[in-house]
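Here the structure comes first, spelled out in C-alpha cells, and everything after it is commentary.
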C-alpha cells in the first residue's frame, strides 16, 4: 500500500486563536481538574471503609442532612421562625435509622466471631462444601491437616473453575502448589489476628488483607494463563464443589475468608489430648451441623435485635418533638390565623342584615 505524505497547507490551516464563530464554543475544562481530583480522592477514601462507609456517607448526604434541614425550615415562611421540634424529629429519625441498620449487625457479627470463632460469618453453603472437602483427609498434627486441606481445596478450586482438559498435569500441579501456599499464608495471618488483643490488631489486620489480596491476584493470574475459553469469565469468581454432584460460585475474597475461617475453627475444636486433629467422618459431620446452627442463630439474633432497636426509634423522636407533627405545625397555625381572619371579615356583613317582614 502506498503512503502519501501530508503537507501543511497554509490555506487549510486554521490558527487556534482565529477569530471565528466556533472559537467561542470551545470550552476549557482545566479549571475543573482540582475539583475532580478532590472528588475522586474523597470517594476513594469512602470506598476504603467498605460497604458500611459507603452507605453511611450516601445516607448522610442523600437523606440525613437534607431532611434535617427541611424540618428546620418547615413552616418558616408562615411563622418567620425556625422549626426546631421538626428539626429534632427528622435528625433523630434519620441519624439513628441508618447507623442502626448498618452498624449494629456489624457489631453483632464481630461479637459472634469473637465468641464462636471466625466461621460464625461463613455461609452455610461453604460450611457444607468445606466439610465435603475435609472428608477423607487423614488426621495428624495441625500443620499436616492444614497442608492436606489447602492442597485439596486448591485442587478443587482449579478443577471446578478451569477447563482442566486444556491443561497438562505438570502445569496444574504447579498452580495448585502455589495456590495452596498462598492459602496457608492467609491462614497463618488469620491465626495471628485472632491471637492478638483487640486494641493491637491494626498491623495483623493489614497483614491478613495483604495475604488475601495475594490469593486473589494469584488465582486471577492462574485463570488468565490457563483457561481455554474466556467467555462469561469473571477472574475474581471461583467455583467449588458442594458435594459429588453440585457446584457453587463465589467471589474469591469471600471464599478465601470461608476457607481460612473453617480450618481455624475446625482445628481448634477437634484437637485431641495428644495435640492431633481428629478428622473422622463423624467429627466432620458434628462440626458442620454445629457451625451451621451457630450461623443461623447469629443471623436470627442480628435480625431480631436490630428490629427491636428500630422499633424504639419512633418513640424517641416523638418524645423529642411532641405528639403533634411539628412539620405541619406551621401550616396548622397559618390555617388557624386565616380562619379567624375570615370569620372577622364576615362578621360586619352579618350584623348589617335586618329581618323585615
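Numbering (the numbering used here), first residue to last: 496 to 852.
Ideal Cβ positions, reconstructed from N, Cα and C, are used throughout, including at glycine.
Predicted model, so just to flag it, every value in this text is computed and none were measured.
Output the boundary residues of the beta strand (DSSP E) element that contains residue 767.
Along the chain shown, read from residue 1 onward, the residue named residue 767 stands at position 272. Taken as a continuous stretch (DSSP letters only), residue 767 belongs to no beta strand (DSSP E), as it is neither H nor E.
By the 10 Å Cβ neighbour count, where 16 or more other Cβ atoms means buried, how is residue 605 classified, buried or exposed?
Taking the chain shown and counting its residues from 1, one reaches residue 605 at position 110. It counts as exposed.
Using DSSP's beta-bridge definition, name the partner residues of residue 744.
The residue labelled residue 744 in the question sits at position 249 within the chain shown. Answer is 734, bridged to residue 744.
In the DSSP output, what is residue 635 paired with across the bridge?
Here residue 635 refers to the residue found at position 140 when the chain shown is read from its first residue. Paired residue(s): 772.
Would you please state the rounded distance, in angstroms, between the beta carbons of residue 771 and residue 636? I believe it to be under 8 Å.
Translated into the one-based positions of the chain shown, residue 771 becomes position 276. Translated into the one-based positions of the chain shown, residue 636 becomes position 141. The pair is a contact, with the Cβ atoms about 6 Å apart (cut-off 8 Å).
Taking only three categories from DSSP, how would you classify residue 725?
Walking along the chain shown from the start, residue 725 turns up at place 230. Residue 725: coil per DSSP, three-state reduction.
Helix, strand or coil for residue 696 per DSSP?
Against the chain shown, residue 696 aligns to sequence position 201. DSSP places residue 696 in coil when its eight states are reduced to three.
With DSSP run on the structure shown, which of helix, strand or coil describes residue 542?
Taking the first residue of the chain shown as position 1, residue 542 is located at position 47. Looking at residue 542 - three-state DSSP - the assignment turns out to be helix.
Alpha carbon to alpha carbon, what distance is there between residue 820 and residue 732?
What you label residue 732 is simply residue 237 of the chain shown in a count that begins at 1. What you label residue 820 is simply residue 325 of the chain shown in a count that begins at 1. Rounded to the nearest angstrom, the two C-alpha atoms are 50 Å apart.
Assuming residue 782 and residue 764 make a contact with CB atoms under 8 Å, what is their CB distance in whole Å?
Within the chain shown, numbered from 1, the residue matching residue 782 stands at position 287. Within the chain shown, numbered from 1, the residue matching residue 764 stands at position 269. Contact holds; Cβ gap of about 6 Å.
Measuring only the C-alpha atoms, how far is residue 581 from residue 564?
Along the chain shown, read from residue 1 onward, the residue named residue 581 stands at position 86. Along the chain shown, read from residue 1 onward, the residue named residue 564 stands at position 69. Taking the straight line from one Cα to the other gives about 9 Å.
Among 644, 797 and 776, which one has its Cα closest to the Cα of residue 615?
Here the question's residue 615 lines up with position 120 in the chain shown. Answer by Cα proximity: 797.
Reducing DSSP to helix, strand and coil, say where residue 691 ends up.
In the chain shown, the residue the question calls residue 691 occupies position 196. In the structure shown, residue 691 sits in coil (DSSP, three-state: anything other than H, G, I, E or B).
For the putative contact between residue 627 and residue 773, defined by C-beta atoms under 8 Å, what is the C-beta separation to the nearest angstrom?
Translated into the one-based positions of the chain shown, residue 627 becomes position 132. Translated into the one-based positions of the chain shown, residue 773 becomes position 278. So it is not a contact: roughly 17 Å between Cβ atoms.
According to DSSP, is residue 577 part of a helix, a strand, or is it coil?
Locating residue 577 in the chain shown gives position 82, counting from the first residue. Residue 577: coil per DSSP, three-state reduction.
From this set, 535, 805 and 645, which residue's C-alpha is nearest residue 672's C-alpha?
Taking the chain shown and counting its residues from 1, the one referred to as residue 672 is at position 177. Of the candidates 535, 805 and 645, the one whose C-alpha sits nearest the C-alpha of residue 672 is 645.
Can you find the residues in the same chain that come closer than 6 Å, C-beta to C-beta, to residue 610, ignoring five residues on each side of it along the sequence?
By 1-based counting over the chain shown, the position of residue 610 is 115. Around residue 610: no qualifying Cβ.
Kindly indicate which three-state DSSP category residue 618 falls into: helix, strand or coil?
Translated into the one-based positions of the chain shown, residue 618 becomes position 123. Residue 618: coil per DSSP, three-state reduction.
Below 8 Å on the Cβ atoms is my contact criterion, and I expect residue 812 with residue 588 to pass it. Report the Cβ-Cβ distance as a whole number of Å.
For the purposes of this step, residue 812 is taken as the residue at position 317 of the chain shown. For the purposes of this step, residue 588 is taken as the residue at position 93 of the chain shown. Going by Cβ atoms, the distance from residue 812 to residue 588 rounds to 5 Å, so yes, they are a contact pair.
If I measure Cβ to Cβ from residue 679 and keep anything under 6 Å in the same chain, skipping five residues before and after, which residues do I get?
Taking the first residue of the chain shown as position 1, residue 679 is located at position 184. For residue 679, where only same-chain residues beyond five positions count, the Cβ hits under 6 Å are 645.
So, helix, strand or coil for residue 630, using DSSP?
In the chain shown, counting from the first residue as 1, residue 630 sits at position 135. In this structure, residue 630 counts as coil in the three-state DSSP scheme.
Assign residue 586 to one of three DSSP states: helix, strand, or coil.
As a position in the chain shown, residue 586 is number 91, starting the count at 1. Note: residue 586 maps to helix in three-state DSSP.
Taking Cβ positions, are residue 655 and residue 734 nearer each other than 7 Å?
To locate residue 655, count along the chain shown from 1; it is residue 160. To locate residue 734, count along the chain shown from 1; it is residue 239. The answer is yes: Cβ separation under 7 Å.
Should residue 752 go down as buried or exposed, given a rule of 16 or more other Cβ atoms within 10 Å for buried?
Numbered from 1 along the chain shown, position 257 holds the residue referred to as residue 752. Residue 752 should be labelled buried.
By Cβ distance below 7 Å, which residues in the same chain neighbour residue 691 in space, the five residues on each side in sequence not counted?
As a working mapping, residue 691 is identified with position 196 in the chain shown. Same-chain partners within the cutoff: 699.
Specify the secondary structure class of residue 657 as computed by DSSP and reduced to three states.
Working through the chain shown from its first residue, we reach residue 657 at position 162. Coil.
Is it right to say residue 744 is buried, meaning 16 or more other beta carbons lie within 10 angstroms of its own, or is it exposed?
Counting from one through the chain shown, the residue named residue 744 turns up at place 249. Classification for residue 744: exposed.
Please state whether the Cβ-Cβ distance between residue 651 and residue 726 is less than 7 Å.
As a working note, residue 651 is residue 156 in the chain shown. As a working note, residue 726 is residue 231 in the chain shown. Not a contact, by the Cβ cut-off of 7 Å.
I'd like to check one pair, residue 541 with residue 552: are the Cβ atoms closer than 7 Å?
In the chain shown, the residue the question calls residue 552 occupies position 57. In the chain shown, the residue the question calls residue 541 occupies position 46. In this structure, residue 541 lies closer than 7 Å to residue 552 by Cβ.
Going by C-alpha to C-alpha distance, which of 642, 718 and 592 sits closest to residue 804?
Looking up residue 804 in the chain shown gives position 309. The shortest C-alpha separation from residue 804 is found at 592.
Assuming contact is defined by CB atoms lying nearer than 7 Å, are residue 684 and residue 706 in contact in what I supplied?
Residue numbering aside, residue 684 sits at position 189 when the chain shown is read from its first letter. Residue numbering aside, residue 706 sits at position 211 when the chain shown is read from its first letter. Cβ atoms of residue 684 and residue 706: closer than 7 Å.
Reducing DSSP to helix, strand and coil, say where residue 569 ends up.
For the purposes of this step, residue 569 is identified with residue 74 of the chain shown, where counting begins at 1. Coil.
Label residue 561 either buried or exposed according to how many other C-beta atoms from any shown protein chain fall within 10 Å of its C-beta, with 16 as the threshold for buried.
Position 66 of the chain shown, counted from the start, is the residue given in the question as residue 561. The residue in question, residue 561, is exposed, as its Cβ has fewer than 16 Cβ neighbours within 10 Å.
So, helix, strand or coil for residue 802, using DSSP?
Against the chain shown, residue 802 aligns to sequence position 307. In the structure shown, residue 802 sits in a helix (DSSP, three-state: H, G or I).
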